[in-house]
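Straight run, no breaks: the sequence shown in my numbering ends on number 115. Here a beta-carbon is modelled for each residue, glycine too, at the ideal position from N, C-alpha and C. All of these numbers come straight from a predicted model, not from anything done at the bench.
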Amino acid sequence: MQLAKRLISEEYPKILPVYYIAHHMQLICTDIMKKNPFSNNILINCQKFVTYFTESHQFGATLHEEIKKELIVGGGLKSSVKTRWSTTWDCCTSVLHLETIFKNVSEIVVNF
4 MQLAKRLISE EYPKILPVYY IAHHMQLICT DIMKKNPFSN NILINCQKFV
54 TYFTESHQFG ATLHEEIKKE LIVGGGLKSS VKTRWSTTWD CCTSVLHLET
104 IFKNVSEIVV NF
């Protein structure tokens, strides 16, 4: 392995070896989220949506029925995990993707 690294660095001196790039990206994203309260609040609120619909079986089932009825591809809500920066993105985009469904479900919840 060391020989391969040395040969590549000799052949291509402009390539910088960046070890653990995913870990570094996760640390950078975490630092940004800590320093920006607006982005942190967005993530907290998105996670509240996910938690509510996963813990409430009745309204979670209603959400899934609405998703099927509207033929939305890509499924339902995705949860965020602190150690994976990409799940933060997945969580927020899943909430945005289902915005119209939330409006329909909120009408059902209010009438319940």
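Outcome for residue i when other beta-carbon atoms lying within 10 angstroms are tallied against a minimum of 16
i: residue 69; result: buried
i: residue 41; result: exposed
When the options are compared against residue i, the one with the closest alpha-carbon
i: residue 91; options: 15, 29, 17; result: 29
i: residue 66; options: 14, 106, 9; result: 106
i: residue 73; options: 62, 100, 59; result: 100
i: residue 87; options: 14, 27, 12; result: 27
i: residue 22; options: 39, 38, 8; result: 8
i: residue 77; options: 96, 63, 31; result: 96
i: residue 89; options: 59, 33, 56; result: 33
Residue i and residue j closer than 8 Å at C-beta
i: residue 52; j: residue 98; result: yes
i: residue 24; j: residue 18; result: no
Spatial neighbours of residue i in its chain, beta-carbon cut-off 8 Å, leaving aside the 5 residues before and after
i: residue 104; result: 66, 69, 70, 73, 75
i: residue 94; result: 46, 49, 50, 53, 80, 81, 82, 83
i: residue 35; result: 42
Beta-carbon proximity list for residue i, same chain, < 7 Å, skipping 5 on both sides
i: residue 44; result: none
i: residue 5; result: none
(request) Evaluate the contact criterion for the region 45-62 versus the region 81-88: three or more CB pairs, one atom per stretch, below 8 Å. (result) yes
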